[in-house]
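K.L.:
Shown below is the structure under consideration.
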Amino acid sequence: NLNPIENAGRKSQFNFPRFVSDENDKLIAEISSPKTLEDPNYKAEAFKKWQEYFIPQAILVPLTYRYAVTPVNKRLKNFYIGLDYAKKGEGVHKWELTAKEPIKASK
Numbered sequence: 093n094l095n096p097i098e099n100a101g102r103k104s105q106f107n108f109p110r111f112v113s114d115e116n117d118k119l120i121a122e123i124s125s126p127k128t129l130e131d132p133n134y135k136a137e138a139f140k141k142w143q144e145y146f147i148p149q150a151i152l153v154p155l156t157y158r159y160a161v162t163p164v165n166k167r168l169k170n171f172y173i174g175l176d177y178a179k180k181g182e183g184v185h186k187w188e189l190t191a192k193e194p195i196k197a198s199k
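Residue numbers for the sequence shown follow this note's numbering, beginning at 93 and rising by one.
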């Protein structure tokens, strides 16, 4: 969604940190201005200006990250564990076993 008023606006129920400022209001108003309907680049530029203001404010700071340990035997071929596996066309359907018996780990 290219309208941050829904999650960063002064009266938004999803503005969880409750950040408000006159500058933020002004920049968000530009993003939803009627000018955006006339000039296709206006909204993109207004959004970039808002991001340049909003991001350095450090309003939203991620506190958790996803980590996973996935043990895989060496005989498994075409195994991909990235979060973007669907976009890359990867998945279980591409897995192949290269040997009947598991390959033992070397020291």
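Where is the CB? At the ideal position from N, CA and C, for every residue including glycine.
Please give the ranges of any alpha helix (DSSP H) in the stretch 125 to 180, keeping only runs that are unbroken, at least 4 residues long and fully inside the region.
P.N.:
127 to 130, 132 to 146
K.L.:
Inspect the CB distances between the stretch 137 to 144 and the stretch 107 to 122 and report whether three or more fall short of 8 Å.
P.N.:
yes
K.L.:
Anyone know if the C-beta pair for TYR145 and GLU115 falls short of 8 Å?
P.N.:
With a cutoff of 8 Å on beta-carbon distance, TYR145 and GLU115 are scored as near each other.
K.L.:
With respect to the alpha helix (DSSP H) encompassing ALA121, which residues constitute its N-terminal and C-terminal limits?
P.N.:
114 to 123
K.L.:
In three-state terms, what does DSSP make of GLU188?
P.N.:
strand
K.L.:
Rank ALA100, ASN95, ALA178 by C-alpha distance to the C-alpha of GLN149 and give the top, closest one.
P.N.:
ALA100
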